[in-house]
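Read the structure below first, then the notes.
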Amino acid sequence: MRGRRAGYLPGVEHEGALMSQSDPVAPVVVLVRPQMGENIGAAARAMLNFALDRMRIVDPRDGWPNPKANAMASGAGRVLERAGIFPDLGAAVADCDFVFATTARPRELVKEVFTPEAAMALARALSAEGKRVGILFGPERAGLENADLVHANAIVTVPVNPEFFSLNMGQAVLLLAYEWGRQGADVAPSVMGLARTEFASREEVGRLGDHYEERLEAAGFFFPESKAGGMKLNLRNMWGRLGLTRAEVQTLHGMLRQIAWKLKRTGEE
Numbered sequence: 001m002r003g004r005r006a007g008y009l010p011g012v013e014h015e016g017a018l019m020s021q022s023d024p025v026a027p028v029v030v031l032v033r034p035q036m037g038e039n040i041g042a043a044a045r046a047m048l049n050f051a052l053d054r055m056r057i058v059d060p061r062d063g064w065p066n067p068k069a070n071a072m073a074s075g076a077g078r079v080l081e082r083a084g085i086f087p088d089l090g091a092a093v094a095d096c097d098f099v100f101a102t103t104a105r106p107r108e109l110v111k112e113v114f115t116p117e118a119a120m121a122l123a124r125a126l127s128a129e130g131k132r133v134g135i136l137f138g139p140e141r142a143g144l145e146n147a148d149l150v151h152a153n154a155i156v157t158v159p160v161n162p163e164f165f166s167l168n169m170g171q172a173v174l175l176l177a178y179e180w181g182r183q184g185a186d187v188a189p190s191v192m193g194l195a196r197t198e199f200a201s202r203e204e205v206g207r208l209g210d211h212y213e214e215r216l217e218a219a220g221f222f223f224p225e226s227k228a229g230g231m232k233l234n235l236r237n238m239w240g241r242l243g244l245t246r247a248e249v250q251t252l253h254g255m256l257r258q259i260a261w262k263l264k265r266t267g268e269e
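Structure, rendered in structure tokens:
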């Protein structure tokens with residue numbers, strides 16, 4: 001990792017005084033490959049305005065720490081001081097039960113789409129059940145890529161002007177943070193059923209994807225080779241979109257192991 005501070009542990013959120021002032025399971029804001037320190041600082045400021053203090057930063061272009069981020073944070077430097085720094089997105093959301101990805105553009109990958117209001121209503125419900133929610137924000141120039149979106153359960157799209165849909169990272173964080181803060185602690189009964197679901201973590205879903213990819217690779221499924229990358233991406237997106245529970249993940253692992261065992265016994269593997 002570029003520009004690492006001595007004694008700073010990458011991938012660790014450093015607990016601080018804000019713990020007593022905010023919801024212990026409030027969403028984590030994940031900035032994916034941010035390019036400008038000023039935007040990281042603006043995001044921290046927007047978060048603290050609405051009592052969000054958990055920031056994770058994935059592979060910042062200009063390294064970390066970033067003096068421009070601290071200058072722009074203007075009093076919200078505490079959020080930056082305890083931010084987790086991660087080398088890749090998978091590691092940053094591994095412990096999350098449900099992940100929203102923010103994007104203003106239609107994508108090839110199919111995901112359920114939420115408005116900021118609906119997304120934060122569900123986030124409130126999930127939080128009330130003790131689940132960890134992540135919200136992804138992409139780099140300034142091009143936003144999140146398809147390879148990033150496979151880590152998300154759903155997409156959040158802001159109804160902006162279709163002729164000019166580009167949002168500054170700090171502005172995008174502010175919109176979601178505002179909706180989180182505006183809705184308060186009350187949770188609508190209509191979303192509580194979904195929130196009580198025992199979702200598999202992103203790490204557990206990732207391991208399931210690894211297991212199936214390994215077996216399908218051995219079986220020659222990814223053919224022709226020129227299309228293998230796209231096929232794998234679509235499968236990863238499918239696993240992420242399904243909203244699998246921990247029990248379902250274990251069942252799918254077990255099904256694949258049983259098939260492999262049976263084929264081995266009959267000499268077909």
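Just so you know, full-length UniProt numbering puts 26 at position 26 of the sequence shown, and the rest follows in order with no gaps. Note that CB positions come from ideal geometry on N, CA and C, so glycine has one too. All values reported here derive from a predicted model rather than from experimental measurement.
Report task. For S226, count neighbouring C-beta atoms within 10 Å of its own C-beta (all shown protein chains included) and say buried if the count is 16 or more, exposed if not. Result -> exposed
Query - Which residues DSSP lists as bridging E203, in chain order - result: Answer by DSSP bridge pairing: none, since E203 is not bridged.
Query raised in the report: Can the beta-carbon of G134 be found less than 9 Å from the beta-carbon of P27?
Result: yes
**Report entry** Buried or exposed (CB count within 10 angstroms, at least 16 for buried), P34
**Finding:** buried
**Report entry** Segment limits, alpha helix (DSSP H) that includes V30
**Finding:** From DSSP, V30 is part of no alpha helix (DSSP H) but of the beta strand (DSSP E) over V28 to V32.
Requested in this report: Classify I155 as buried or exposed, calling it buried when 16 or more other Cβ atoms lie within 10 Å of its own Cβ.
Outcome: buried
Requested in this report: List the DSSP bridge partners of I85.
Outcome: I57
Report task. If I'm right that R54 touches C96 with Cβ under 8 Å, what's the distance once you round it to whole angstroms? Result -> Not confirmed; about 11 Å, so no contact.
Query raised in the report: Which partner residues does A154 have in the DSSP bridge list?
Result: F100 and E112.
Report task. Indicate the three-state DSSP secondary structure (helix, strand or coil) for V160 in the structure shown. Result -> coil
Report task. Look at the Cβ atom of G209, then the Cβ atom of R182, and state whether they are nearer than 9 Å. Result -> no
Query - Proximal residues to G130 (C-beta, below 6 Å), its chain only, five neighbours per side dropped - result: Contacts found: V25.
Query - Start-to-end residues for the alpha helix (DSSP H) that takes in L149 - result: First-last of the alpha helix (DSSP H) with L149: N146 to L149.
Query raised in the report: Can you list, in chain order, the residues of its chain whose CB lies under 7 Å from that of S201, leaving out five sequence neighbours each side?
Result: A94, D95, C96 and D97
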